[in-house]
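Reviewing the structure listed below.
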Amino acid sequence: MEVSGSLDENEYPDNPIEVTDENLDETVQKYPFIAIDCWSSWCIPCLAIMPIIKKLAKTYKGKVVFGELNIAKNKEATTRFDLKAIPVLLVFKDGRLVDRLTGAYGRKTIESRLKLSE
Amino acid sequence: MKVLNKSKEKLRDGFKRYAESQGFTFNPDEKVVDTLLDGMLWNKKEYGYQYCPCRAVSGDKGKDVKLVCPCVYIHEEVERMGRCWCGLFVNADSKFKETFREQEMQEWYQIWSNVDKRIKS
Chain A
1 MEVSGSLDEN EYPDNPIEVT DENLDETVQK YPFIAIDCWS SWCIPCLAIM
51 PIIKKLAKTY KGKVVFGELN IAKNKEATTR FDLKAIPVLL VFKDGRLVDR
101 LTGAYGRKTI ESRLKLSE
Chain B
1001 MKVLNKSKEK LRDGFKRYAE SQGFTFNPDE KVVDTLLDGM LWNKKEYGYQ
1051 YCPCRAVSGD KGKDVKLVCP CVYIHEEVER MGRCWCGLFV NADSKFKETF
1101 REQEMQEWYQ IWSNVDKRIK S
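Structure representation (structure tokens):
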């Protein structure tokens, strides 16, 4: 799936973008396909998957955007998406939450779940 | 800092005794243990209780009580995954790496070396 809409391809980030309570709605509307990694500073599994998310953001620039949301700082999103154990990857398509992946999974699992291939 | 270190050691000793009584052991990676203990102390300062750093605190103490480490999920998770969700406690009977059944989880363990870069940044 290629991103579409009014943005040029170079406007799509190749690094995870910071998502907050304030910009969440705007961000999921802006990008047709975005996966938001919900994490916190002291959570080891969260820290472990961050390098994978970063690599995926580079590899799939133009196909999917990755975001990072710190749950310790963004309580509203935590409640809204009923987040319990982290990390959680929230997947949005066209502004709608379509999937969630809870746990520290490897690159292959994330690619497969997001139906990504190089 | 001295007070924090003292609290951390107290927490570590308490968990060590708990782990032994349950047939668990601490994660062999000391940095992992250290980071998780820091997270619990942060939660204690922020919320009043040593909640698991890998779970979202709702603010409703009645609901959140099950997230206080050692949390209510610990036995089921150690049995199923060979470790608790955050990886503080692991099954004492098997080697940590061998407890991951899926290939993805093996990959996950391999990238734990990357954790260093993010810890306390």
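Chains as they are written, first to last, in my numbering: chain A, 1 to 118; chain B, 1001 to 1121. All residues carry an ideal CB built from backbone N, CA and C; glycine is no exception. Nothing here was measured: the structure is a model prediction, and the numbers come from that model.
DSSP three-state label for residue i, please.
i	result
A/LEU56	helix
B/VAL1057	coil
A/ALA104	coil
A/PHE81	coil
B/PHE1100	With a pLDDT of 40 at B/PHE1100, under the threshold of 50, the modelled position of that residue is not reliable, and no figure is offered here.
B/THR1025	strand
B/LEU1088	coil
A/ASP99	strand
A/GLU26	helix
A/TYR31	coil
A/GLU187	Residue 187 of chain A lies beyond the range of chain A shown here (1 to 118); nothing can be said about it.
B/TYR1073	coil
B/VAL1068	strand
B/TYR1018	helix
A/GLU118	coil
A/CYS43	coil
Out of curiosity, what's the CA-to-CA distance linking residue i and residue j?
i	j	result
B/GLU1077	B/ARG1083	6 Å
A/ASN15	A/PRO32	16 Å
B/GLU1079	B/TYR1018	16 Å
B/GLU1009	B/ASP1038	11 Å
B/ALA1056	A/ASP82	9 Å
B/PRO1053	B/MET1040	6 Å
B/TRP1085	A/TYR12	34 Å
A/LEU97	B/SER1058	21 Å
A/ASN74	A/ASN23	11 Å
A/SER117	A/ALA72	32 Å
B/LYS1016	B/THR1025	7 Å
A/SER112	B/SER1007	43 Å
B/SER1021	B/ALA1092	11 Å
A/VAL28	A/LYS55	21 Å
A/GLU26	A/LYS115	24 Å
Are the beta-carbon atoms of residue i and residue j separated by less than 9 Å?
i	j	result
B/TYR1049	B/ASP1060	no
A/GLU9	A/LYS61	yes
A/ILE36	A/VAL64	no
B/ASN1027	B/GLY1087	yes
B/TYR1051	B/CYS1069	yes
A/ILE53	A/GLU76	no
A/TRP178	B/LEU1011	Summary: the structure shown does not reach residue 178 of chain A, with chain A confined to residues 1 through 118, and so no result is reported for it.
A/ILE17	A/PHE92	no
A/THR79	A/CYS38	no
Based on the DSSP output, what are the partners of residue i in its beta bridges?
i	result
A/ASP119	In the structure displayed, chain A extends from 1 to 118; residue 119 of chain A sits before or after that span and is not available.
B/VAL1033	None, per the DSSP bridge assignment.
B/TYR1047	According to DSSP, which records beta bridges pairwise, B/TYR1047 is partnered with nothing at all.
A/ILE17	A/GLY67
Touch test, the region 87-99 of chain A against the region 1025-1042 of chain B, Cβ-Cβ under 8 Å, three pairs minimum: no
Given 8 Å as the limit, is there contact between the region 32-50 of chain A and the region 96-114 of chain A, that is, 3 or more CB pairs closer than that? yes
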